[in-house]
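Sequential numbering of the sequence shown, starting at 21, is according to the working numbering.
Glycine is no exception: its CB is placed at the ideal position from the N, C-alpha and C atoms.
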Amino acid sequence: MEYIFETRMTVRDYECDIQGIVNNANYLHYCEHTRHLFLKECGLSFAELHEKGTDAVVAHYDLRYKVPLRGLDEFVSRLNVKKERLKYVFFQDIYRVSDGKLCFRAVVDVVCLVNGRLAESKEIDEALEKFMAR
């Protein structure tokens with residue numbers, strides 16, 4: 021897959037469960053953080069969008085856990101995005117830096133609520149236009 025954005029992170033010990041591997045819910049946090057950094061890179065602010073009445077919200081996750089991350093592992097979180105009608109589909113993969121193994125894969129559907137109603141956001145469309153997969 022071709023990626024349009026990536027960020028590097030390190031697993032913190034408290035994100036691991038008794039087995040010494042990253043608790044499954046933390047992968048969602050990594051993905052969300054990556055999307056937020058990407059949107060910031062595109063010039064978008066969730067707080068400012070909200071103040072204007074637009075909220076981008078997750079509508080659906082499709083998750084695949086491949087190889088577990090462990091405490092202090094460095095990883096790179098990558099994404100791509102395309103638009104399908106009213107939703108933005110984010111393709112997000114997490115790779116362990118030490119060996120390049122794919123650890124986690126997600127497809128995340130995000131929709132916009134404009135003044136509480138499902139709608140397109142011209143502001144988000146314009147900010148993402150140059151990055152969107154066609």
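Would you mind sorting glutamine 39 into buried or exposed? The rule is 16 or more other CB atoms within 10 Å of its CB.
Result: exposed.
Exposure of serine 97, with buried meaning 16 or more beta-carbon neighbours within 10 Å:
Serine 97 comes out buried.
Return the residue from the list Leu148, Glu149, Val131 that minimises the CA-CA distance to threonine 74.
Closest by alpha carbon: Val131.
Can you say whether alanine 126 is buried or exposed, counting buried as having 16 or more other CB atoms within 10 angstroms of its CB?
Alanine 126 is buried by the Cβ-count criterion.
Can you tell me the Cα-Cα spacing of glutamate 140 and methionine 21, whole angstroms?
Glutamate 140 and methionine 21 have their C-alpha atoms roughly 27 Å apart.
Please determine, among Asp33, Leu59, Ser65, the residue with the shortest C-alpha to C-alpha distance to threonine 27.
With respect to the C-alpha of threonine 27, the residue from Asp33, Leu59, Ser65 having the closest C-alpha is Leu59.
Would you kindly work out how many angstroms separate the C-alpha atoms of cysteine 62 and arginine 55, rounded to a whole number?
Near 10 Å, if we compare the C-alpha coordinates of arginine 55 and cysteine 62.
At the level of alpha carbons, what is the spacing between isoleucine 144 and serine 65?
Taking the straight line from one Cα to the other gives about 10 Å.
On a CA-only basis, which of Phe111, Arg137, Lys142, Leu133 is nearest glutamate 52? Give me that one, please.
Cα-wise, what sits closest to glutamate 52 is Phe111.
Looking only at C-alpha atoms, which of Gly136, Phe151, Lys150, Met152 sits nearest to valine 77?
Considering only alpha carbons, the answer is Gly136.
Just the Cα atoms here: how many angstroms apart are tyrosine 47 and phenylalanine 124?
Straight-line Cα distance between these residues: approximately 8 Å.
Could you work out which residue in Leu138, Lys102, Ala147 is closest to valine 128 when comparing CA atoms only?
Comparing Cα positions, the closest option is Lys102.
Over what stretch of residues does the alpha helix (DSSP H) that includes asparagine 100 continue unbroken?
It is not in any alpha helix (DSSP H) - asparagine 100 instead sits in the beta strand (DSSP E) that spans 94-104.
Which residues DSSP lists as bridging aspartate 82, in chain order
Bridge partners of aspartate 82: Val127.
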